[in-house]
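So the protein lines, in turn, are chains Z and B.
The opening residue of the first sequence carries number 3 in the working numbering; numbering runs sequentially from there.
The opening residue of the second sequence carries number 33 in the working numbering; numbering runs sequentially from there.
Inspection log for the structure reproduced underneath, given as structure tokens.
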Amino acid sequence: MCEEMTEVRQEGKDTIILATKEDHATPSSAELVEEDPDDPYEERGLILPSGEINWTCPCLGGMAGGPCGTEFKEAFSCFHFSKEEVKGSECLDPFRAMQECMRRYPDLNSRDDDKVPEERASKEEQGSEETPPAGSKSSDTSLES
Amino acid sequence: MLKCRTVWKKLAPLGRASSTLCRQNVRRTGLNHGRIPAHLPAVHMATGPAGGSRENQLYVLLVGAACLGGGIYVYQTLKGDQKRYDERFAVLHQATREEIYSSIQTEAPETIETEAVPNPEPEVAPVSQEPSPSADAEAAAPSEADEPLPAAEPDSALKLPSHAPYLLIGGGTASFAAARSIRARDPGARVLIVTDEQDLPYMRPPLSKELWFSDDPAVTDTLRFKQWNGKERSIYFQPPSFYITPEELSSAENGGVAVFTGKKVVHMDVRGNKVKLDDDTEISYDKCLIATGGVPRNLQVLERAGEEVLKKTTLFRKIDDFRSLDKVSRNVKSVAVIGGGFLGSELACALGRRSQDSGLEVIQMFPEKGNMGKVLPEYLSNWTTEKVKKEGVKVVSEALVKSVTCKDEQLEIQLKDGRLVKTNHIVAAVGLEPNVDLAKSAGLEVDSDFGGYRVNAELQARSNIWVAGDAACFYDIRLGRRRVEHHDHAVVSGRLAGENMTGASKPYWHQSMFWSDLGPDVGYEAIGIVDSSLPTVGVFAKATAKDTPKAATEQSGTGIRSESETEDVASSLVASTTPTLTSTQKDDYGKGVIFYLRDKVVVGIILWNVFNRMPIARKIIKDGEEHGDLNEVAKLFNIHED
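So, in structure tokens, the structure goes:
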């Protein structure tokens, strides 16, 4: 088999292309439709175009809907809209309330110890455009934008 | 009225002062033309109240009286309406039980109304505008400041709910995703899930994948598996403490999600917005989701084969099926999987892996020429079949089962071409029958092409009824009407239904994906319509040792890829060392991307042993463009790189 050139085979209705690395290194001529940032149908990331928080974002791990959802929303909203120099420094009370609530649900909490709101808040700072390449299933339905 | 007068009085001196100033200014600037206007507005204002005060008073009195009269009239009309509504309701339902029920109904919504008040308006407004009797009660009830309510409260707090604002029928993935999105969008929402299973909502993919690879002997009890980050998790979406009990549903301060297990909804009254359970209790709802999934299909030959054969047959779908098959696989010498699709192939590979330790014989038979014959183009299906065989599975292709008999604890499967297969146990993985039991009583449309309830692009069947998951035959704006039986679709559609139940009106747009791993060498992710009868264009690169699911997981940190999107935070890349797995260097189809075309437009894509490129695939399908050269499109995927 010739290794330098891309091969094309036909097996009935199916076409098989064996592409070389060199071939695919050249830029693609395929054209993609330009994305509309205001498309109302699109799945949103953590922050909606209006600036509001998208509580159904899978990236929140369902925290907004759980038993401590109300407390979580208050704490997270406070943090997100905080304009202090140390962001969220005025949000200690809602955070405390949330922690207290989460203490009442230890088995939910221990599972979620890698989903601490501060961590997620910092992720949000990076922008909702991030689509972590790994974990394709979580990235697909979580931060597609 | 007196107040008005004092105000006028206070203003009058001001008016006089300013009018004097004005006149003086006019004189100074010499604008007057010989005659100063008799009525400057300010002057008029100063003299107004003094002169016509009595007329004013009368006028205000008349207006006030009219308003009061109007207010009384409106109040009485509403009250009368409420009464008429109550009477009509009672007439419509003759049974005493229903009369009691209706009187509870007019009271219960009021509690929810008051608690829902702090909600964002857009969410609440659509609910109260729905054309349903319970909504009328809600609108009318607040206008009456009635006492009966507090009296009813203490009793209903401990009873099972007779009303659920959000009723979700079915307790699977779609239902849970909907519950989650409802709770996220409608704070304090009260969601009731009714399921005929005994288990709380759980995810299915690990039942045919990860759970079989677990080293833990107690896995059938714990139902825990290892994730990408090495951490273990349960297949249950949430532990029991996440939920509130059905009895607490009406009274819980911030609402919650309650799961009613072991209850089957047998009848649906769309006009009355209520359902009936198998124990004759009735529950009314404001919004309802049908997420009843389906039941595994069985082969007719098996059903006719008799009791002995049926005892040795597993139809695989639920936790109990996993448990029983696990047990069986440890106690028999041979097991045969009938079916060559996703589930059949995954189970065959999982059992085949086990066979290497235990000496279990694993057979897989199906009518197609190769594994995934209805999904993969023939050359790829053949390639996959070879891989499945390497997992220790005895593949019997082009097999049509003619009859099955039981002889001395052995099952004899007679094939139509004369071959005979002997085994101890059968697993039938021949498809899913969507559960549309409620269609008749509810008067809902069932799709004749795809099965399932017919819904629109927003997953709605009727005004207050949505359907999601395996049971939904929906209109996909891009790909046309379809029904999808995959985990991610259940998550996406469940979430969408929940959003629409709380006031959004979004169509199905974000394309769901699916995946399958058949052993460590074959893993793929797919999106859209992936039907082997369509013309395909497959673009492949030479596979290296790095391109296998196992290697990809180690490198990218994805781990075994059964994850619930409703659960997890986006994972991050983990740098890794060289993977240890090798694969045949000469393979033509080690990794690549396969495009499925319909009228020259790409409607489906399989990412074959390439990972983390799903967003590009999704974009191409969303565009729906005709691409002249698909090799150029394939370049976008960088299949040669990791």
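By construction, the Cβ of each residue, glycine as well, lies at the ideal position given by its N, Cα and C atoms.
The structure presented is a predicted model; accordingly, all values stated were derived computationally and were not measured.
Looking only at its chain, what residues have a beta carbon closer than 8 Å to the beta carbon of residue i, apart from the 5 residues adjacent to it on each side?
| i | result |
| --- | --- |
| B/Glu-444 | Val-436, Thr-437, Cys-438, Leu-452, Val-453 and Lys-454 |
| B/Asn-414 | Lys-401 and Gly-402 |
| Z/Glu-92 | Cys-80, Ser-84 and Glu-86 |
At a Cβ threshold of 8 Å, is residue i touching chain B?
| i | result |
| --- | --- |
| Z/Asp-109 | yes |
| Z/Asp-95 | no |
| Z/Ala-77 | no |
| Z/Glu-1 | Since the first residue shown for chain Z is 3 and the last is 147, residue 1 of chain Z is missing from the structure and cannot be characterised. |
| Z/Ala-99 | no |
| Z/Ser-52 | no |
| Z/His-82 | no |
| Z/Glu-44 | yes |
| Z/Val-2 | The structure shown does not extend to residue 2 of chain Z, since chain Z is modelled only from 3 through 147, so no value can be given for it. |
| Z/Ala-32 | yes |
| Z/Gly-90 | no |
| Z/Asp-38 | no |
| Z/Leu-48 | no |
| Z/Lys-85 | no |
Please return the same chain residues whose Cβ sits closer than 6 Å to the Cβ of residue i, not counting the five positions on each side in sequence.
| i | result |
| --- | --- |
| B/Arg-515 | Phe-482, Gly-484 and Cys-505 |
| Z/Ala-99 | Glu-73 |
| Z/Cys-59 | Leu-48 |
| B/Gly-288 | Ile-276 |
| B/Gly-373 | none |
| B/Glu-658 | Lys-632 and Val-633 |
| B/Glu-340 | Cys-438 |
| B/Leu-239 | Phe-354 |
| B/Glu-153 | Low local confidence applies: a pLDDT of 39 at B/Glu-153 is under 50, so the model's placement there is unreliable, with the coordinate-based value given in what follows. Contacts found: none. |
Would you please verify whether the beta carbon of residue i is less than 8 Å from any beta carbon of chain Z?
| i | result |
| --- | --- |
| B/Arg-630 | no |
| B/His-457 | no |
| B/Ser-29 | Any answer about residue 29 of chain B is impossible in this case: the structure gives chain B only from 33 up to 674. |
| B/Gln-270 | yes |
| B/Thr-205 | no |
| B/Phe-572 | yes |
| B/Arg-514 | no |
| B/Pro-409 | yes |
| B/His-518 | no |
| B/Lys-651 | yes |
Excluding the five sequence neighbours on either side, which residues of its own chain have a C-beta within less than 7 Å of the C-beta of residue i, listed in chain order?
| i | result |
| --- | --- |
| B/Gly-384 | Val-394, Glu-423, Gly-424 and Val-425 |
| B/Thr-416 | Gly-402, Asn-403, Met-404, Leu-408, Leu-550 and Val-554 |
| Z/Thr-8 | Ile-19, Leu-20, Ala-21, Thr-22 and Asp-25 |
| Z/Asp-40 | Pro-51 |
| B/Ser-361 | Val-367, Leu-383, Arg-386 and Leu-392 |
| B/Gly-656 | Arg-510 and Val-633 |
| Z/Gly-68 | Leu-110 |
Quick check on the burial criterion: 16 or more other C-beta atoms within 10 angstroms. Buried or exposed for residue i?
| i | result |
| --- | --- |
| B/Asp-449 | exposed |
| Z/Thr-17 | buried |
| B/Asp-248 | exposed |
| Z/Val-10 | exposed |
| Z/Arg-106 | exposed |
| B/Phe-274 | buried |
| B/Phe-669 | buried |
| B/Ser-390 | exposed |
| B/Asp-502 | buried |
| B/Thr-109 | exposed |
| B/Arg-256 | buried |
| B/Lys-359 | exposed |
| B/Ala-148 | In this predicted model, B/Ala-148 has a pLDDT of only 37, less than 50, meaning its place in the structure is not dependable; the value taken from the coordinates is given anyway. So B/Ala-148 ends up on the buried side. |
| B/Glu-698 | Look at the range of chain B in this structure, 33 to 674, and you will see that residue 698 of chain B is not part of it. |
Hey, residue i and residue j are a contact pair by Cβ (cut 8 Å); roughly how many whole angstroms apart?
| i | j | result |
| --- | --- | --- |
| B/Tyr-317 | B/Lys-306 | 7 Å |
| B/Ala-500 | B/Ala-210 | 6 Å |
| Z/Leu-110 | B/Gln-259 | Between B/Gln-259 and Z/Leu-110 the Cβ distance is about 17 Å, and since that is not below 8 Å, they are no contact. |
| B/Gly-376 | B/Ala-461 | 4 Å |
| B/Asn-456 | B/Gln-442 | 6 Å |
Any heavy atom of the ligand ATP closer than 7 Å to the CB of residue i?
| i | result |
| --- | --- |
| Z/Met-104 | The ligand ATP is not among the ligands present in this structure, which contains no ligands whatsoever. |
message: Count Cβ pairs between the stretch 425-439 of chain B and the stretch 288-303 of chain B that sit closer than 8 Å; are there 3 or more?
response: no
How do the stretch 35-44 of chain Z and the stretch 191-206 of chain B stand: do at least 3 beta-carbon pairs fall below 8 Å, yes or no? no
task: Report yes or no: do three or more beta-carbon pairs, one from the stretch 521-535 of chain B and one from the stretch 638-646 of chain B, lie closer than 8 Å?
output: They do not touch, by the three-pair rule.
key: Three-pair Cβ contact test at 8 Å for the stretch 269-285 of chain B versus the stretch 212-224 of chain B   = yes
Q.
Under 8 Å, with one C-beta from each stretch per pair, do the stretch 73-84 of chain Z and the stretch 231-241 of chain B reach the 3-pair mark?
A. no
Using 8 Å as the threshold, is the stretch 457-467 of chain B in touch with the stretch 488-497 of chain B, meaning 3 or more CB pairs across them?
no
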